[in-house]
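Colleague: Dumping the structure here so I can ask a few things about it.
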Amino acid sequence: MTAVLTEADTAPAAAGKQQRRRRASGRLAVVPLLVFVAIAFGIPALAMLNGAFTVKDQATGATSYTTANLTASLQGAYLTALVGSVKLSAVSAAIATVLGLPLAQAVVTSRSRALREAVLTASGVLANFGGVPLAFAFVATLGNSGVLTRHLGLTGKGWNLYSFWGLVVVYLYFLVPLMVLTITPALDGLRSQWREAAQNNGASASQYWRHVALPVLAPSLLGGLVLLFGSAFAAYATAAAMVGSAVPLVTLQIADAISGNVLVGQENVALALSLDMVLVAGLVMAVYLPLQRRSARWLA
Numbered sequence: 006m007t008a009v010l011t012e013a014d015t016a017p018a019a020a021g022k023q024q025r026r027r028r029a030s031g032r033l034a035v036v037p038l039l040v041f042v043a044i045a046f047g048i049p050a051l052a053m054l055n056g057a058f059t060v061k062d063q064a065t066g067a068t069s070y071t072t073a074n075l076t077a078s079l080q081g082a083y084l085t086a087l088v089g090s091v092k093l094s095a096v097s098a099a100i101a102t103v104l105g106l107p108l109a110q111a112v113v114t115s116r117s118r119a120l121r122e123a124v125l126t127a128s129g130v131l132a133n134f135g136g137v138p139l140a141f142a143f144v145a146t147l148g149n150s151g152v153l154t155r156h157l158g159l160t161g162k163g164w165n166l167y168s169f170w171g172l173v174v175v176y177l178y179f180l181v182p183l184m185v186l187t188i189t190p191a192l193d194g195l196r197s198q199w200r201e202a203a204q205n206n207g208a209s210a211s212q213y214w215r216h217v218a219l220p221v222l223a224p225s226l227l228g229g230l231v232l233l234f235g236s237a238f239a240a241y242a243t244a245a246a247m248v249g250s251a252v253p254l255v256t257l258q259i260a261d262a263i264s265g266n267v268l269v270g271q272e273n274v275a276l277a278l279s280l281d282m283v284l285v286a287g288l289v290m291a292v293y294l295p296l297q298r299r300s301a302r303w304l305a
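Numbered by the numbering used here, the letters in the sequence shown go through residues 6 to 305 in order.
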């Protein structure tokens with residue numbers, strides 16, 4: 006009897022030790038990831054912070070810490086470029102959200118599994134298709150001498166690919182598929198019982214969407230909008246290859262400042278512009294994460 010009681014008393018202690026070992030092994034498993042993050046993101050972030058607040062005297066070579074770079078990054082052409090990037094990202098994300106929702110709903114409600122898999126697969130590919138190849142595809146199609154431009158006479162109708170709205174059209178090419186990928190899980194989470202209950206109470210399809218579906222999907226839609234904004238805000242290669250400096254964007258200004266195309270010795274101003282972008286991205290994530298958690302509670 007004594008032996009049995011002793012084993013019963015030691016069982017919780019053994020279970021506790023085993024649980025602590027699992028926790029310790031789990032923490033050790035995260036160490037490689039933390040090291041990678043520290044090297045890949047931490048060191049560049051520290052270098053950016055140091056450079057953003059550093060000014061070098063061109064005559065003596067002495068360096069000093071100041072906020073002059075940040076002040077310069079929020080004035081003149083730099084401020085215009087930052088506002089232009091925010092405007093382009095906001096407009097593109099809003100249009101992509103409006104277009105992506107009905108497309109995703111059509112895919113979700115389709116009875117064809119092959120169609121659903123094909124659309125989602127294509128969306129995954131197109132959402133990551135950008136840069137110079139995307140710019141070349143649109144220049145060859147909708148540029149001044151593009152195929153569709155010539156056949157449809159778009160030049161005479163005022164169409165210009167190398168403009169703000171031309172960039173919006175190009176950005177929609179990868180933002181709409183990204184919205185489809187983002188909102189499809191939320192649409193899958195809408196329960197059929199909610200639609201049936203609305204129909205039993207005499208609600209039409211539009212009333213169901215207005216009073217039931219859209220309020221439930223609102224956090225996911227806003228989260229998707231914020232995600233699309235961040236993706237468009239960080240885009241560089243497509244705009245650089247297509248419009249150059251015709252449309253003021255902060256990413257293009259950073260490239261010009263680093264390469265010295267406009268003024269020599271503006272590298273640290275470019276780092277200050279990068280810090281501005283990081284702050285905007287931080288605000289985007291601060292909005293996105295609570296919306297993601299709220300939508301997960303609704304659609305769980």
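Here a beta-carbon is modelled for each residue, glycine too, at the ideal position from N, C-alpha and C.
1) Is DSSP giving Thr-68 helix, strand or coil here?
2) Among residues of its own chain, excluding the 5 on either side of Met-6, which ones have a beta-carbon nearer than 7 Å to its beta-carbon?
3) What are the start and end residues of each continuous alpha helix (DSSP H) run of 4 or more residues lying completely inside the stretch 68-95, in chain order?
4) Could you give the distance in angstroms between the alpha-carbon of Ala-246 and the alpha-carbon of Val-137?
5) Please tell me whether Ile-259 and Met-290 are closer than 9 Å, where the distance is taken between their beta carbons.
6) Could you tell me how far apart the beta carbons of Ala-77 and Ala-277 are, in whole angstroms, since I believe they sit closer than 8 Å?
7) Which same chain residues, not among the five before or five after Ala-57, have their C-beta less than 7 Å away from its C-beta?
8) Determine the direct distance from the alpha carbon of Gly-207 to that of Thr-114, and round the result to whole angstroms.
9) Tell me the rounded alpha-carbon separation between Thr-126 and Val-60.
10) Is the Cβ-Cβ distance between Leu-166 and Asn-149 less than 9 Å?
11) What did DSSP end up calling Val-248 once you bin it into helix, strand or coil?
12) Quick test of your reading: Val-35 and Leu-104, contact by CB under 8 Å. State the CB separation rounded to the nearest angstrom.
13) When the Cα atoms are used, what is the spatial distance from Ala-82 to Arg-121?
14) Quick one: is Arg-196 near chain D, going by C-beta distance under 9 Å?
15) For Val-292, which residues from the same chain have a beta carbon less than 6 Å from its beta carbon, with the 5 sequence-adjacent residues on both sides left out?
16) Once you ignore the five residues that flank Thr-72 on each side, which residues in its own chain have a CB closer than 8 Å to its CB?
17) Taking Ala-237 as the reference, which of Ala-45, Leu-33, Asn-55 and Leu-93 has the closest Cα?
18) Note the first and the last residue of the continuous beta strand (DSSP E) segment covering Val-60.
19) Can you give me the C-alpha to C-alpha distance between Phe-179 and Asp-62, rounded to a whole angstrom?
20) May I ask you to report which of helix, strand or coil DSSP gives Ser-225?
21) Taking Val-130 and Val-112 to be in contact with their CB atoms under 8 Å, please state how far apart those CB atoms are, rounded to whole angstroms.
22) List the endpoints of the continuous alpha helix (DSSP H) containing Pro-182.
23) Report yes or no: do three or more beta-carbon pairs, one from the stretch 182-190 and one from the stretch 221-235, lie closer than 8 Å?
24) What are the boundary residues of the alpha helix (DSSP H) that includes Thr-154?
25) Are Leu-139 and Thr-243 close, meaning C-beta to C-beta below 9 Å?
26) Going by C-alpha to C-alpha distance, which of Ala-203, Val-152 and Ser-97 sits closest to Leu-233?
27) From Leu-257 to Ala-203, what distance separates their C-alpha atoms?
28) Does the separation of the CB atoms of Trp-199 and Val-173 fall below 9 Å?
29) Are there 16 or more other CB atoms within 10 angstroms of the CB of Gln-212, so buried, or fewer, so exposed?
30) As a quick exercise: from Val-175, Leu-219, Ala-240 and Asp-261, pick the residue whose alpha carbon is nearest that of Val-91.
31) Could you have a look at Asn-205 and say whether DSSP puts it in helix, strand or coil?
Modeller: Quick look at the numbers:
1) In the structure shown, Thr-68 falls within a strand segment according to DSSP collapsed to helix, strand and coil.
2) At Met-6 the pLDDT is 45, less than 50, meaning the model places this residue with poor confidence; the figure from the coordinates comes in the next sentence. Same-chain partners within the cutoff: there are none.
3) Taking only runs of at least 4 residues, the alpha helix (DSSP H) segments lying wholly in the stretch 68-95 are 73-78.
4) A direct Cα-Cα distance of roughly 6 Å separates Ala-246 from Val-137.
5) In this structure, the beta-carbon distance from Ile-259 to Met-290 does not fall below 9 Å.
6) Contact holds; Cβ gap of about 7 Å.
7) Within the same chain, Ala-57 has close Cβ partners Asn-74, Leu-75, Asn-273, Leu-276, Ala-277 and Leu-280.
8) Rounded to whole angstroms, Thr-114 and Gly-207 show a C-alpha spacing of 22 Å.
9) C-alpha separation (whole angstroms): 48 Å.
10) A contact, by the Cβ cut-off of 9 Å.
11) Here Val-248 carries a coil assignment [DSSP, helix/strand/coil].
12) Not really, about 39 Å apart at Cβ, beyond 8 Å.
13) Rounded to whole angstroms, Ala-82 to Arg-121 spans 45 Å at the Cα level.
14) No chain D is present in this structure, which holds just one protein chain.
15) Taken in chain order, the residues that qualify are Val-231.
16) Residues Phe-58 of the same chain have their beta carbon placed closer than 8 Å to that of Thr-72, with the five preceding and five following residues left out of the count.
17) Minimum Cα distance to Ala-237 is reached at Leu-93.
18) Its beta strand (DSSP E) spans residues 59-61.
19) If you take the alpha carbons of Phe-179 and Asp-62, they lie about 43 Å apart.
20) In this structure, DSSP gives Ser-225 a helical state, which the three-state scheme calls helix.
21) Not really, about 15 Å apart at Cβ, beyond 8 Å.
22) 169-193 is the span of the alpha helix (DSSP H), which, as asked, contains Pro-182.
23) Yes, the stretch 182-190 is in contact with the stretch 221-235.
24) Secondary structure note for Thr-154: its alpha helix (DSSP H) is the uninterrupted segment 152-157.
25) In this structure, Thr-243 lies closer than 9 Å to Leu-139 by Cβ.
26) With distances taken between Cα atoms, Leu-233 lies closest to Ser-97.
27) C-alpha separation (whole angstroms): 50 Å.
28) Against a cut-off of 9 Å, the Cβ pair of Val-173 and Trp-199 comes out as no contact.
29) With fewer than 16 other Cβ atoms within 10 Å, it is exposed.
30) Selected option, being the one with the closest Cα: Ala-240.
31) Three-state result, Asn-205: helix.
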